[in-house]
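Residue numbers (our numbering): 11 to 409. In this text, a Cβ means the ideal position worked out from N, Cα and C, and glycines have one as well. Quantities reported herein were computed from a predicted structural model and do not represent experimental measurements.
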């Protein structure tokens, strides 16, 4: 995170005594990235944060992946994965279905009305985009309110749970990194402040404002972590509730950021995807495509030119509006397009010509570009449109 926050009660000097009202001591925990060499926060607990009374295997949902071979573009219809009758039985943590993944990032989707168990991802940071619905996300740092269009950014090893509420189910698009995620370096000063040319600033980021409390003993937390080169799960049991933090301060904490607060960068001719970037992780980036005025050169062609991403796979999640370049392909709300490296892609037939003279695009999409090939998870295989690859040519291999 780019800036310091303090929530609840902390002592005036770090690593010094912080007394309870009864004269005892709160227990200080340093939560920091990259050992002691990067952002961190200090949390003050009523109980010992290291105390556990049990540890058992938690069997993760299916994490197997299948290579995109033979190579082709794909269309995945995520809304087909969760029929209405399973919403009440599904939670945002254990109900995720893996759509795409590689050694750097995994993309899952879930539709839920059920409260999740306590959960901690010890593999990497999570970026969870809320397509629709609302939720309170309770964390050891405090609570966040998530609404449609919000990214919920959860640092590695943050204990938290999702509590959906309001009308309709919570539809969540989870981007799980094997690293930390942050704003692009080009948006930041050497001290970490978002600069004037950044499409968003610190005012747009919303962190916890007060601690949350939890009660009970022998409290289970599901932990996703690495073991033997694989990603596995463990169910740890704590003698006291992890939400026993009375205060914390530092520069590492969960926060929300609304895609609607992203200010698009436009130009006279079509701008390349890096102008839409919002976050970056190790070997992948996340971009926003939001409603915006489009190219104003008198001879401009507002939809994207055809392009070959020779070093990356391009994954677009369509979550609102009307995506001009994909008309006629079958793509709609809740779709993912997979355009892999080694393949030239661009607008559907006719979109190139139809876009001439357009002044505004009303579209909303989240793009993930990876720099290693993505493979299809079981969720991706279950909701693929088999006809998408042939929509530019108008006929498939059997014709």
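(message) Within 8 Å, do at least three Cβ pairs link the stretch 162 to 175 to the stretch 127 to 141?
(response) Here the stretch 127 to 141 makes contact with the stretch 162 to 175; the two share three or more CB pairs at distances below 8 Å.
(request) In the DSSP assignment, find the unbroken alpha helix (DSSP H) run with residue 361 in it and report its ends. (result) DSSP places residue 361 in the uninterrupted alpha helix (DSSP H) bounded by 361 to 364.
(request) Could you work out which residue in 265, 297, 16 is closest to residue 272 when comparing CA atoms only? (result) Looking at 265, 297, 16, the one whose alpha-carbon comes closest to that of residue 272 is 297.
(message) Assuming contact is defined by CB atoms lying nearer than 8 Å, are residue 392 and residue 358 in contact in what I supplied?
(response) Contact flag unset, no.
(message) Within 10 Å of its beta-carbon, does residue 107 have 16 or more other beta-carbons around it, so buried, or fewer, so exposed?
(response) Around the beta carbon of residue 107, 16 or more other beta carbons lie within 10 angstroms, which makes this residue buried.
(message) Just to confirm before moving on: does the CB-CB distance between residue 2 and residue 59 stay below 8 Å?
(response) There is simply no residue 2 to check, as the chain begins at 11 and stops at 409 in what is shown.
(request) For residue 372, count neighbouring Cβ atoms within 10 angstroms of its own Cβ and tell me buried if that reaches 16, exposed if not. (result) So residue 372 ends up on the exposed side.
(request) Please name the residue in 75, 322, 233 whose C-alpha comes closest to that of residue 171. (result) Relative to residue 171, the option among 75, 322, 233 whose CA is nearest is 233.
(message) Is the separation between the beta-carbon of residue 314 and that of residue 280 shorter than 8 Å?
(response) Less than 8 Å separates the beta-carbon of residue 314 from that of residue 280.
(request) Go ahead and pull the three-state DSSP assignment for residue 285. (result) DSSP, reduced to helix, strand and coil, places residue 285 within a helical segment of the structure shown.
(message) Quick check on the burial criterion: 16 or more other C-beta atoms within 10 angstroms. Buried or exposed for residue 289?
(response) So residue 289 counts as buried.
(request) Give a yes or no on whether the C-beta atoms belonging to residue 143 and residue 179 are separated by under 8 Å. (result) Yes, Cβ-Cβ distance for residue 143 and residue 179 is below 8 Å.
(request) May I ask you to report which of helix, strand or coil DSSP gives residue 315? (result) Residue 315 falls in the coil class under three-state DSSP.
(request) Drop a sphere of 10 angstroms on the beta-carbon of residue 330, count the other beta-carbons inside from all chains shown, and report buried for 16 or more, exposed for fewer. (result) Counting Cβ neighbours within 10 Å, residue 330 comes out buried, since at least 16 surround it.
(message) For a test of the three-state rule: what should DSSP assign to residue 390, helix, strand or coil?
(response) Secondary structure at residue 390: helix, using DSSP grouped into helix, strand and coil.
(message) Once the 5 residues before and after residue 224 are set aside, which same chain residues still bring their CB inside 6 Å of it?
(response) By the criterion of a C-beta distance shorter than 6 Å, residue 224 is surrounded in its chain by 251, 253, once the five residues flanking it on both sides are discounted.
(request) Compare the C-alpha of residue 153 against each of 239, 173, 73, 377 and name the closest. (result) Nearest of 239, 173, 73, 377 to residue 153, Cα basis: 173.
(message) residue 89 and residue 339 - do their beta-carbons sit closer together than 8 Å?
(response) Taking 8 Å as the cut-off, the beta carbon of residue 339 is found no closer than this to the beta carbon of residue 89.
(message) Rounding to the nearest angstrom, what Cα-Cα distance links residue 71 and residue 385 in this structure?
(response) In a straight line, the C-alpha of residue 71 is about 16 Å away from that of residue 385.
(message) Here's the rule: buried if 16 or more other CB atoms are within 10 angstroms of the residue's CB, otherwise exposed. What is residue 278?
(response) Exposed, because fewer than 16 other Cβ atoms sit within 10 Å of the Cβ of residue 278.
(request) Please classify residue 256: does DSSP put it in a helix, a strand, or coil? (result) Three-state result, residue 256: strand.
(request) Return helix, strand or coil for residue 272, following the three-state DSSP convention. (result) Coil.
(message) Relative to the C-alpha of residue 249, which candidate in 40, 64, 112, 33 has its C-alpha closest?
(response) By alpha-carbon distance to residue 249, the top candidate from 40, 64, 112, 33 is 64.
(request) Can you have a look at residue 69 and say buried or exposed, based on whether 16 or more other CB atoms are within 10 angstroms of its CB? (result) By the 10 Å Cβ count, residue 69 comes out exposed.
(request) Decide if the stretch 46 to 56 is in contact with the stretch 339 to 357; the criterion is three or more beta carbon pairs, one per stretch, under 8 Å apart. (result) Flag = no, the stretch 46 to 56 and the stretch 339 to 357 do not touch.
(message) Here's a check: name, in chain order, each residue in its chain whose Cβ is nearer than 8 Å to the Cβ of residue 199, leaving out the five neighbours to either side.
(response) For residue 199, where only same-chain residues beyond five positions count, the Cβ hits under 8 Å are 205.
(request) Just the C-alpha distance for residue 4 and residue 53, rounded to the nearest angstrom, thanks. (result) In this structure the chain extends from 11 to 409, so residue 4 is not present and cannot be described.
(message) For the pair the stretch 11 to 20 and the stretch 214 to 221, tell me if three or more CB-CB distances fall below 8 Å.
(response) Yes: the two stretches touch, three or more of their Cβ pairs being nearer than 8 Å.
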